[in-house]
Amino acid sequence: MAVIQLKNVTKYYGQHAAVDNLSMNVEQGQIVGLLGPNGSGKTTTIRLINGVISPDAGSINVLGLDPATDGDRVRAKSGVLTESAGLYEGMTAKDNLKFFAALYGLKYVEERIEQLLEDFGLADAQDKLVGAYSTGMKKRLGIARALLHKPEILFLDEPTNGLDPEGSRSLLNYIRRLNEEKGVTILICTHLLKQVQDLCHSFVFIDQGRFLEQGTLIELEDKYLGAVKVEVETPLDVNEANFPDFPVIDQRPGYLVFQVQDKEQIPQLLAAVLAKAPVYSGNILGRDLEALYFKIRGEQDE
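Take 3 as the starting number for the sequence shown in this note's numbering and just add one per residue.
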């Protein structure tokens with residue numbers, strides 16, 4: 003069931019269409035990546051979905067509500083982490099959460115705050131000023147703030163910006179656990195494709211405010227990337243790799259690159275090679291989110 007639906011949505015800033023005739027769906031319980039370069043309209047799309055701004059054309063439905071007319075009700079059911087995290091650095095983490103809980107009109111929240119601080123690894127630093135926090139700690143506290151009122155949907159805008167690799171991995175693991183353990187639907191905006199390839203259930207590609215494509219990684223790979231290239235580390239000589247269904251399309255010392263029609267044929271390929279020589283490793287080439295993005299974007303430009 004789609005909990006977010008956009009149909010032919012357009013938003014202008016002056017004469018510039020930040021979002022241009024955009025249609026997309028987000029299914030309940032999924033993590034969906036909204037992907038595109040900087041300036042592609044991702045943040046504007048989040049603001050439209052959350053009812054902060056209204057579209058100039060088209061319709062938006064969030065949990066059965068129209069954000070343009072029921073923005074308060076939409077925001078009561080959703081949480082947002084902006085790129086800046088939106089925290090008061092002169093206050094402690096605990097006081098930040100108390101302050102935002104009061105804005106939400108929440109009562110008896112001490113236990114909820116303690117649990118969130120524990121869940122996000124901030125319990126030991128809850129009485130420190132947020133200004134002394136690392137970027138990763140601020141991001142985690144920002145998500146805790148967004149979850150205070152137990153939202154059904156969470157919007158994350160460039161959540162790993164400014165984080166080092168370890169901080170990014172830690173934050174993405176928190177996001178995955180939140181979806182798996184709490185069932186929260188998550189829309190995550192990012193231009194860092196490799197970080198979310200294994201996190202999201204499906205992806206929406208946009209550019210210059212326009213819809214390019216939507217689907218799961220497997221669906222999009224099958225549609226746009228065709229046959230699969232598999233690099234196999236093996237001492238097998240190319241002249242002995244005479245497999246009719248798996249032609250060799252490239253080679254280098256110690257490696258052969260085969261072509262198969264789809265991923266389901268890879269075990270058969272490896273078994274065929276193993277019957278003739280050892281196999282030390284195998285690697286699928288050119289089939290990742292980044293390759294998909296450039297393929298899809300390139301076809302749109304043609």
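For every residue, glycine included, the Cβ atom is placed at its ideal position computed from N, Cα and C.
Keep in mind the model is a prediction, meaning the values are calculated, not measured.
Residue burial is scored here from C-beta neighbours: Gln30 has fewer than 16 other C-beta atoms within 10 angstroms and is therefore classed as exposed. Val198 has its alpha-carbon roughly 11 Å from the corresponding atom of Asn175. Inclusion of Cys202 and Ile220 in the CB contact set at 8 Å is not warranted, their separation being larger than that value. Beyond the five residues adjoining it in sequence on each side, Val28 comes within less than 7 Å, by CB distance, of Ala4, Val5, Ile6, Val34, Thr187 and Leu189 in the same chain, given in chain order.
Taking a 10 Å sphere around the C-beta of Ala243, we find 16 or more other C-beta atoms and assign the residue as buried.
The alpha-carbon of Ser170 is positioned some 8 Å away from that of Gly138.
Here the alpha carbons of Leu24 and Pro269 stand approximately 40 Å from one another. The shortest CA-to-CA distance from Tyr226 to any of Asn98, Gln267, Asp264 and Leu294 is the one to Leu294. Annotation note: the region 190 to 230 contains the following uninterrupted alpha helix (DSSP H) runs of length 4 or greater, listed N- to C-terminal: 195 to 198 and 219 to 226.
In the DSSP annotation of this structure, Gln128 is not part of any alpha helix (DSSP H), being labelled neither H nor E. Between Ala274 and the set Leu291, Pro249 and Ile298, the nearest pair of CA atoms involves Pro249. The closest CA to that of Leu195, considering only Phe157, Ala134, Glu292 and Val230, is found on Glu292. Excluding five sequence positions before and after Ala148, the CB atoms of its chain that fall closer than 7 Å to its own CB belong to Gly81, Val82, Leu83 and Leu156, given in chain order. Taking the Cβ atoms as the reference, Ile48 lies roughly 11 Å from Val64, outside the contact range of under 8 Å. At a Cβ-Cβ threshold of 8 Å, Leu271 and Val262 count as neighbours. Taking the CA atoms as reference points, Leu222 sits about 13 Å from Ala229. Under the 8 Å Cβ criterion, the region 123 to 130 does not count as touching the region 53 to 72, having fewer than three qualifying pairs. As summarised for the region 161 to 192, the continuous alpha helix (DSSP H) elements at least 4 residues long and confined to that stretch are 167 to 184, given in chain order. Within the region 82 to 166, the complete beta strand (DSSP E) segments at least 3 residues long are 155 to 159, listed from N- to C-terminus. In the three-state reduction of the DSSP assignment, Thr71 falls in the coil class.
When secondary structure is reduced to three states using DSSP, Gln253 falls in the strand class.
A buried status is given to Ile177, since no fewer than 16 other beta-carbon atoms sit within 10 Å of its beta-carbon. Beta-bridge pairing by DSSP links Tyr15 to His18. One Cα belongs to Glu266, the other to Phe213, and the distance between them is close to 30 Å.
Counting C-beta atoms within 10 angstroms of its own C-beta, Ile251 has fewer than 16 neighbours from the protein chains shown and is therefore classed as exposed. Around Thr94, the same chain offers Gln128, Asp129, Lys130, Leu131 and Val132 as residues with beta carbons nearer than 8 Å, after the five sequence neighbours per side are excluded.
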